[in-house]
Each structure stands twice: as structure tokens, then as C-alpha cells.
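According to the working numbering, the sequence shown is numbered sequentially starting from 2.
Using N, Cα and C, we set each Cβ at its ideal position, and we do this for glycine too.
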Amino acid sequence: MTAGWEIEKSNRDRFNQLAAHVGMSGGALFDLMVENIELDHTGRPTWLPADPNAEDGVLPIDAA
């Protein structure tokens with residue numbers, strides 16, 4: 002299947018270089034990455050910068 006979004010050429014080229022370096026196709030490396038990505042307790046990738054809209058340690062409480 003083909004990805005349904007635009008990818009910057011420089012990023013695609015770099016990704017394909019990384020894949021070739023480890024002896025894989027870009028598609029195979031992508032699939033392996035997705036299957037093994039480490040997520041935090043909220044389901045966000047651990048390497049993703051913090052969500053600026055989230056208030057750390059604050060529970061959402063509805064105003065009545």
C-alpha cells in the first residue's frame with residue numbers, strides 16, 4: 002500500500018538511506034518502526050515533545 006500523505010523529499014531520502022544502511026527497504030523499516038514504537042502511558046510516542054495543551058498532574062474536572 003502507498004502512504005496517502007506527502008513526505009518531504011529530503012526526509013524520504015534520509016529514511017531510505019537509513020533503511021539501506023541496515024539492509025532493508027524503506028517500507029519494511031517503516032512497518033517495523035510502527036510495530037515497535039515505544040509509547041508512554043497516554044499512548045504518545047516517548048520521543049514526541051510534551052503536549053503544550055496538557056496540564057501535567059491536573060485531572061480534568063467538569064465545571065458544574
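Query	Result
Integer-rounded CB distance, given that L30 should sit under 8 Å from L40	That pair is no contact at about 19 Å.
Whole-angstrom distance between E9 and A21, CA atom to CA atom	18 Å
Residue closest to T1, alpha-carbon to alpha-carbon, out of D32, V23, S11 and T43	Past the boundaries of the shown model lies residue 1; the chain is included only from 2 to 65, so the question cannot be answered.
Close beta carbons around G5, own chain, < 6 Å, minus the five adjacent residues each side	none
Assigned secondary structure, L40 (DSSP; H/G/I helix, E/B strand, else coil)	strand
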